[in-house]
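Asks:
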């Protein structure tokens, strides 16, 4: 499988002197990998096993005494080999697809922590800088880039919905008025959205919103789609909280939404027999 994510972990690894890390075999007990420039250590992660991605990130930084460390970690989902467990780095960036979190969990590898202070060697520094400058200017001039910089990926919820191209009720509907309650416009109407970017990115599409007295990452388009419109959930506050829970557990929100959507449709079509009250459902209230 393959999964990718944004953030700063990749840059940190490169600054530590590595292009790639290959993990072979399996540890007999939970461990995490500590890469500190040219020094690599395998450390005990017994006290981290069972913890969410957020607490794991904070605890590793505390144990190693450096808050500049970048951490890629799994949550309980990866530890329990959930097939769509993901890897979270920098607390908010998910390498979501293909169950890479389960692969780490199968190796008893809780996390990889890295700190790199070295410079990245390039063949022609001036050419690299000039090319990067040109690309940044192109992105700044791009209308799509400007929209993404202003609203982030949730803008796709609004734009795709306008042409009937969005996931609704496990792909069984083409239109749904509830989308107006959970898209980019709804997030902006809710209150201030602080935008942040990954390493050296001029677009800065990552949004943070205030929730229960804290600034937290807001759901991306994929989460709003698969856990929102896909399940007919139009409660934006619930989706913000759900996004935090899913990330902390280390679950891929896309695959999770697909599984739940399939489950709900199977109930509705009476393909499976379940006790609705055990899930808080009624015959008239399965979705949403």
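Residue numbers (our numbering): 152 to 439. By construction, the Cβ of each residue, glycine as well, lies at the ideal position given by its N, Cα and C atoms. On a predicted model such as this, the values are computed, not experimentally measured, just so you know.
1) State the Cα-Cα distance for the pair residue 163 and residue 267, rounded to the nearest angstrom.
2) Count the C-beta pairs between the region 195-204 and the region 279-288 that are closer than 8 Å, then say yes if the count reaches three, no if not.
3) Taking the continuous beta strand (DSSP E) assigned at residue 184, which residues delimit it?
4) Pick helix, strand or coil for residue 159, following the three-state DSSP scheme.
5) Locate the alpha helix (DSSP H) running through residue 290, then write down its first and last residues.
6) Under the DSSP definition of a beta bridge, which residues are partnered with residue 344?
7) How big is the Cα-Cα spacing for residue 173 and residue 379?
8) If you compare alpha carbons, which of 341, 346 and 254 is closest to residue 297?
9) Evaluate residue 413 with the Cβ neighbour count: other Cβ atoms within 10 Å of its Cβ, from every protein chain shown; 16 or more gives buried, anything less gives exposed.
10) Relative to the alpha-carbon of residue 229, which residue among 420, 387 and 257 has its alpha-carbon at the smallest distance?
11) Need the endpoints of the beta strand (DSSP E) that residue 366 sits in, please.
12) Can you give me the C-alpha to C-alpha distance between residue 166 and residue 385, rounded to a whole angstrom?
13) For residue 170, count neighbouring C-beta atoms within 10 Å of its own C-beta (all shown protein chains included) and say buried if the count is 16 or more, exposed if not.
14) By how many angstroms is the C-alpha of residue 396 removed from the C-alpha of residue 272?
15) State the Cα-Cα distance for the pair residue 420 and residue 426, rounded to the nearest angstrom.
16) Pull the bridge partners of residue 307 from the DSSP assignment, please.
17) Beta strand (DSSP E) containing residue 240: first to last residue?
18) Excluding the 5 residues preceding and the 5 following residue 155 in the sequence, name in chain order all residues of the same chain whose CB lies nearer than 8 Å to its CB.
19) Just grab the DSSP bridge partners of residue 195 for me.
20) Put residue 355 into one of helix, strand or coil per three-state DSSP.
21) In this structure, how does DSSP classify residue 175 when only helix, strand and coil are distinguished?
22) Where does the unbroken beta strand (DSSP E) through residue 265 begin, and where does it stop?
23) Work out the CA separation of residue 389 and residue 313 for me, nearest whole Å.
Replies: Here's the rundown:
1) When only Cα atoms are considered, residue 163 and residue 267 end up about 5 Å apart.
2) At 8 Å Cβ cutoff, the stretches do not touch.
3) Taken as a continuous stretch (DSSP letters only), the beta strand (DSSP E) holding residue 184 covers 182-187.
4) Residue 159: coil per DSSP, three-state reduction.
5) First-last of the alpha helix (DSSP H) with residue 290: 276-292.
6) Note: residue 344 is bridge-paired with 360 in the DSSP secondary-structure output.
7) Annotation: residue 173 to residue 379 spans about 36 Å, alpha carbon to alpha carbon.
8) Considering only alpha carbons, the answer is 346.
9) Counting Cβ neighbours within 10 Å, residue 413 comes out exposed, since fewer than 16 surround it.
10) Ranking the options by Cα distance to residue 229, first place goes to 257.
11) Per DSSP, residue 366 belongs to the beta strand (DSSP E) from 365-368.
12) Computed Cα separation, rounded: 43 Å.
13) Classification of residue 170: exposed, given that the 10 Å Cβ count is below 16.
14) Cα-Cα distance, rounded: 39 Å.
15) Cα-Cα distance, rounded: 14 Å.
16) In the DSSP output, where bridge partners are listed per residue, residue 307 has none listed.
17) Per DSSP, residue 240 belongs to the beta strand (DSSP E) from 238-240.
18) These residues qualify, in order along the chain: 246.
19) Looking at the DSSP output, residue 195 bridges to 182.
20) The answer is coil: DSSP assigns residue 355 none of H, G, I, E or B.
21) The answer is coil: DSSP assigns residue 175 none of H, G, I, E or B.
22) Looking at the DSSP string, the run of the beta strand (DSSP E) that includes residue 265 is 260-266.
23) Residue 313 and residue 389: Cα-Cα distance of roughly 23 Å.
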